[in-house]
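Numbering (the numbering used here), first residue to last: 54 to 272.
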Ligand code: O7M
């Protein structure tokens, strides 16, 4: 995997907690087990943008801000994410090809991942029917990868045929009912897991089990 993510593990922690102490404690507990830490608005809004910098000292940070604006605004966001020390940025494809491109071109050190079909039931309403086209633009605009649903592994398999060697990051394992092993067997490079790790009484144990499940699915 040519990527800014840590090698040797295919698990990305989705750190959707709103308490800074808890966030740092979970990150410290699992930092050597995860390829990256994905943070989203709940944590940033509850703490401050500097949480990106703080966590990036422990593991590569992907900012899941699902950026969806005109190219100029997207570029400004990508620049700030880079300034804070993030390694990745998640963007929406639907505002237009030029909006995706502005993020890819803004900061070479920040890998861009494009959302395709979303993992929740509502993901079937709009994103499902257009997912192939969302993935196609990710490939054409040289994004680093796409986000595809572990809750529908057959869709990961189909999207793989469109994106070729781009990275596929797959959320929806554990709390949303998807299987990490199935996601990997169907073509995901990495699985994204949140609640099944950070809500566990033993986050490190939960992350270790997930790493082991992924390792076995590759054997
Ligand atoms: O394991 P969970 O369900 O607690 O968390 C899943 C994480 O993945 C959470 O941070 C979501 O915002 C994110 N996610 C999805 O669950 N489904 C999607 O389709 C897309 C994402 C995502 O990461 O988009 C970039």
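All C-beta atoms in this analysis are idealised placements derived from N, C-alpha and C, irrespective of residue type, glycine included.
* Any non-hydrogen atom of the ligand O7M closer than 7 Å to residue 206 Cβ -> As a position in the chain shown, residue 206 is number 153, starting the count at 1. No, the ligand O7M has no heavy atom inside 7 Å of this Cβ.
* Taking all protein chains shown into account, decide if residue 71 is buried (16 or more other Cβ within 10 angstroms of its Cβ) or exposed. => The residue you call residue 71 lines up with position 18 of the chain shown. Exposed, by the Cβ-count rule.
* So the beta strand (DSSP E) residue 181 belongs to, where does it begin and stop? -> Here the question's residue 181 lines up with position 128 in the chain shown. For residue 181, there is no enclosing beta strand (DSSP E); the residue is part of the alpha helix (DSSP H) that begins and ends at 180-193.
* **Unbroken beta strand (DSSP E) run spanning residue 89, endpoints** => As a working note, residue 89 is residue 36 in the chain shown. 89-93 is the extent of the beta strand (DSSP E) around residue 89.
* **Element boundaries [alpha helix (DSSP H), containing residue 153]** => Within the chain shown, numbered from 1, the residue matching residue 153 stands at position 100. Its alpha helix (DSSP H) spans residues 150-159.
* Asked: When we look at the beta-carbon of residue 120 and count the other beta-carbons within 10 Å, is it buried (16 or more) or exposed?
  -> The residue you call residue 120 lines up with position 67 of the chain shown. Counting C-beta atoms within 10 angstroms of its own C-beta, residue 120 has 16 or more neighbours from the protein chains shown and is therefore classed as buried.
* Could you tell me if the beta carbon of residue 239 falls within a distance shorter than 7 Å of some heavy atom in the ligand O7M? => As a first step, residue 239 is located in the chain shown; it is residue number 186 there, counting from the start. It does not: the Cβ of residue 239 is nowhere closer than 7 Å to a heavy atom of the ligand O7M.
* Asked: Would DSSP call residue 270 helix, strand or coil?
  -> In the chain shown, counting from the first residue as 1, residue 270 sits at position 217. Residue state, collapsed to three classes: helix.
* Asked: Which term fits residue 183, buried or exposed, when burial requires 16 or more other beta carbons within 10 angstroms of its beta carbon?
  -> On the chain shown, position 130 is the one that residue 183 refers to. By the C-beta density criterion, residue 183 is exposed, having fewer than 16 other C-beta atoms within 10 angstroms.
* Is the Cβ-Cβ distance between residue 198 and residue 220 less than 8 Å? -> As a first step, residue 198 must be located in the chain shown, where it is residue number 145. As a first step, residue 220 must be located in the chain shown, where it is residue number 167. Contact flag set, yes.
* Where residue 61 and residue 92 are concerned, what is the direct C-alpha to C-alpha distance, given to the nearest angstrom? -> Here residue 61 refers to the residue found at position 8 of the chain shown. Here residue 92 refers to the residue found at position 39 of the chain shown. Cα to Cα, residue 61 sits roughly 21 Å from residue 92.
* To do: Could you have a look at residue 245 and say whether DSSP puts it in helix, strand or coil?
  => Walking along the chain shown from the start, residue 245 turns up at place 192. Here residue 245 sits in strand by DSSP.
* Excluding the five sequence neighbours on either side, which residues of its own chain have a C-beta within less than 6 Å of the C-beta of residue 117, listed in chain order? -> Walking along the chain shown from the start, residue 117 turns up at place 64. Scanning its chain for C-beta atoms nearer than 6 Å, with the 5 sequence neighbours on each side dropped, one finds around residue 117 the residues 91, 93 and 143, in chain order.
* Using 10 angstroms around the beta-carbon of residue 166, count the other beta-carbons present and answer buried if the total reaches 16, otherwise exposed. => Along the chain shown, one-based indexing puts residue 166 at 113. It counts as buried.
* Asked: Any chance the CB of residue 148 is under 7 Å from a heavy atom of the ligand O7M?
  -> Along the chain shown, read from residue 1 onward, the residue named residue 148 stands at position 95. Not under cutoff, so the answer is no.
* As assigned by DSSP and simplified to three states, the class of residue 223 -> Translated into the one-based positions of the chain shown, residue 223 becomes position 170. DSSP places residue 223 in strand when its eight states are reduced to three.
* Asked: Any chance the CB of residue 246 is under 7 Å from a heavy atom of the ligand O7M?
  -> What you label residue 246 is simply residue 193 of the chain shown in a count that begins at 1. It does: the Cβ of residue 246 is within 7 Å (strictly closer) of some heavy atom of the ligand O7M.
* To do: Within its chain, find whatever has a CB closer than 7 Å to the CB of residue 145; leave out the 5 residues flanking it on each side and keep chain order.
  => Walking along the chain shown from the start, residue 145 turns up at place 92. The answer, listed in chain order, is 119, 120, 121 and 168.
* Is it the case that the CB of residue 151 approaches a heavy atom of the ligand O7M more closely than 7 Å? -> One-based indexing of the chain shown puts residue 151 at position 98. If you check the C-beta of residue 151 against the ligand O7M, you find no heavy atom less than 7 Å away.
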